[in-house]
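> Attaching a single structure in structure tokens format; questions to follow.
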Amino acid sequence: MISPVSLSSSNRLLSLEETSWVTQFSETYGQDIIYNLTMGTPFWSPPTSVQQAIIQSCGLTETYRYGATCGIPQLEKEIGKRLDLKFASSCGNEVMICSGSNQGFLNILLCLCNPGDEVILFRPYYFSHYTACLLAGVKPVVVDTDSEFLPQPQSLEISVNTKLVVVVSPGNPSGRVISTDRLRSLYQLCFHRGVWLVIDEAYEHFIFDGIETNSFSATDGVINLFTFSKSYSLAGLRVGYFCYPSYLRKSMLEIQDTIATHACHLAQQAALAAFNDSSKEWIQKQVQEMVPRREIFWQVVSKYHTYRANGGFFFFVPIPDSITSHDAVQYLIQKYGILVFPGQLFGMSNYLRISYGSLSLHETKEAANQLNDALATLWNNK
Ligand SMILES: Cc1ncc(COP(=O)(O)O)c(C=O)c1O
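First residue of the sequence shown? That's 1 in UniProt numbering, and the numbers climb one at a time after it.
And the structure:
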């Protein structure tokens, strides 16, 4: 059937070259993938109590009814306690539980920004943040980091239109952990200019090399964003949360009610079980299991001036100038069966993001061998 000329889609994402790259690429090369090094989830399963909690929740009437917009009270309370401990003070802010932290980020943009406002992202940025800005009708302004992917407070070009600054620590894709002092400096700079600071800590527990866990919050001007997808391995259940100043509560509730109404009850019960069952020691033990994987990959990628990421479970690896990251990805999949993310997705075309998080130790060794050959050929053919 021929569509009438007047049927068209919105132009929100027209400027986005990378739209649905992952889907398109998987459709074309899905059958060629032997080693998938794109995954943003760890290799472990959630704590055993999670399954039990889901089964129990299936028998409860309230599971099937609408519930509290900001989340089930028990989970909200546990999160509140955890944040008080994390920030070593009563953070006193409101908690919003959402269907994954990506949804939370969109809520935050809609609550804080007017169409046309500017949001500062640091390059390399997390691609969903960039896309969310376009969806919300705000302008992502991308600012460069230093040679080790560290945001420099002095390079922040805050304009009259800047509404918020976003940092990710540990970074995705950089793995860069930003120190508490630096987060505080960024905050002070922002706060004095009436600009919000959003700190995304999706990989908060994935910190290596004896680096201290770095966190920063404030009762005003900062929104801290977290997820159950990574440390607790609940990505498929879609639960995240953020804490924010209470004077935003009315509009935050309105936005959440309109978009998701609330996060799924079964998923929230699972998150509560994971939370209660995953002591600090449990998480530390899991994260320790990443160390040998990280070292195996490091042996390979360190040959190419790669920054030794001290967080996350990625390496952001430079490639020769003579090839774009899209072409390099295509080459690696076609010749070596290795799928990685092109740096272009994160705003840097001469890099590849290589994730080792979801592999078994055996797969890690095999994938690293293959990657070793693949990167050597890429660099030798430059
Ligand atoms: C930095 C960062 N923030 C947020 C997310 C999304 O987390 P969620 O699964 O909670 O939406 C990811 C997932 O890859 C991420 O890397």
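All C-beta atoms in this analysis are idealised placements derived from N, C-alpha and C, irrespective of residue type, glycine included.
(1) Going residue by residue through the segment 134–188, where are the continuous beta strand (DSSP E) segments of at least 3 residues, counting only ones entirely within it?
(2) Which residues end up in the neighbourhood of ligand 1 when you take C-beta atoms closer than 6 Å to any of its heavy atoms?
(3) First and last residue of the alpha helix (DSSP H) that includes S26?
(4) Which residue wins for smallest C-alpha separation from L13, given the options S49, L134 and L60?
(5) Rounded to a whole number of angstroms, what is the C-alpha to C-alpha distance between L272 and F346?
(6) Which residue comes first and which comes last in the beta strand (DSSP E) that contains T227?
(7) Measure the alpha-carbon distance for T219 versus P245 and round it to whole angstroms.
(8) Would you mind listing the alpha helix (DSSP H) stretches within the segment 249–327 that are 4+ residues and don't spill past its ends, in chain order?
(9) Mind checking whether V160 and I120 have CB atoms under 8 Å apart?
(10) Count the C-beta pairs between the segment 99–119 and the segment 259–274 that are closer than 8 Å, then say yes if the count reaches three, no if not.
(11) Does the count of Cβ pairs from the segment 276–284 and the segment 29–49 closer than 8 Å reach three?
(12) Based on DSSP bridge pairs, tell me the residues matched to C111.
(13) Excluding five sequence neighbours on each side, which residues of the same chain lie with their C-beta closer than 7 Å to the C-beta of L207?
(14) I need the straight-line Cα distance from N350 to Y64, nearest angstrom please.
(15) What number of angstroms, rounded off, separates the C-alpha of D327 from the C-alpha of I319?
(16) Span of the alpha helix (DSSP H) holding G80?
(17) Please report the distance separating the alpha-carbon of H192 from that of Y66.
Let me lay it out:
(1) The beta strand (DSSP E) runs of length 3 or more contained entirely in the segment 134–188 are, from start to end of the chain, 139–144 and 162–168.
(2) Residues flagged by the Cβ proximity filter: G40, G100, S101, N102, Y126, V168, N172, D200, A202, T227, S229, A235 and G240.
(3) Segment W21 to Y29, the alpha helix (DSSP H) holding S26.
(4) Of the listed residues, the one whose Cα sits closest to L13 is L134.
(5) When rounded, the separation of the alpha-carbon atoms in L272 and F346 is 32 Å.
(6) Looking at the DSSP string, the run of the beta strand (DSSP E) that includes T227 is V222 to T227.
(7) Using only the alpha carbons, I get a separation of about 6 Å.
(8) The qualifying runs are 249–259, 265–277, 280–288 and 290–301.
(9) No, these two residues do not count as a Cβ contact at 8 Å.
(10) Yes, they touch.
(11) Yes, they touch.
(12) In DSSP, C111 forms no bridge with anything.
(13) For clarity, residue 207 is Ile in the given sequence; the question names Leu instead. The residues P170, V177, T213, N310 and G311, in chain order, have a CB closer than 7 Å to that of I207 in the same chain once the five nearest residues on each side in sequence are set aside.
(14) Between the alpha carbons of N350 and Y64 lies a gap of roughly 49 Å.
(15) I319 has its alpha-carbon roughly 11 Å from the corresponding atom of D327.
(16) Where G80 is concerned, the enclosing alpha helix (DSSP H) stretches over P73 to K86.
(17) Roughly 41 Å separates the two Cα atoms.
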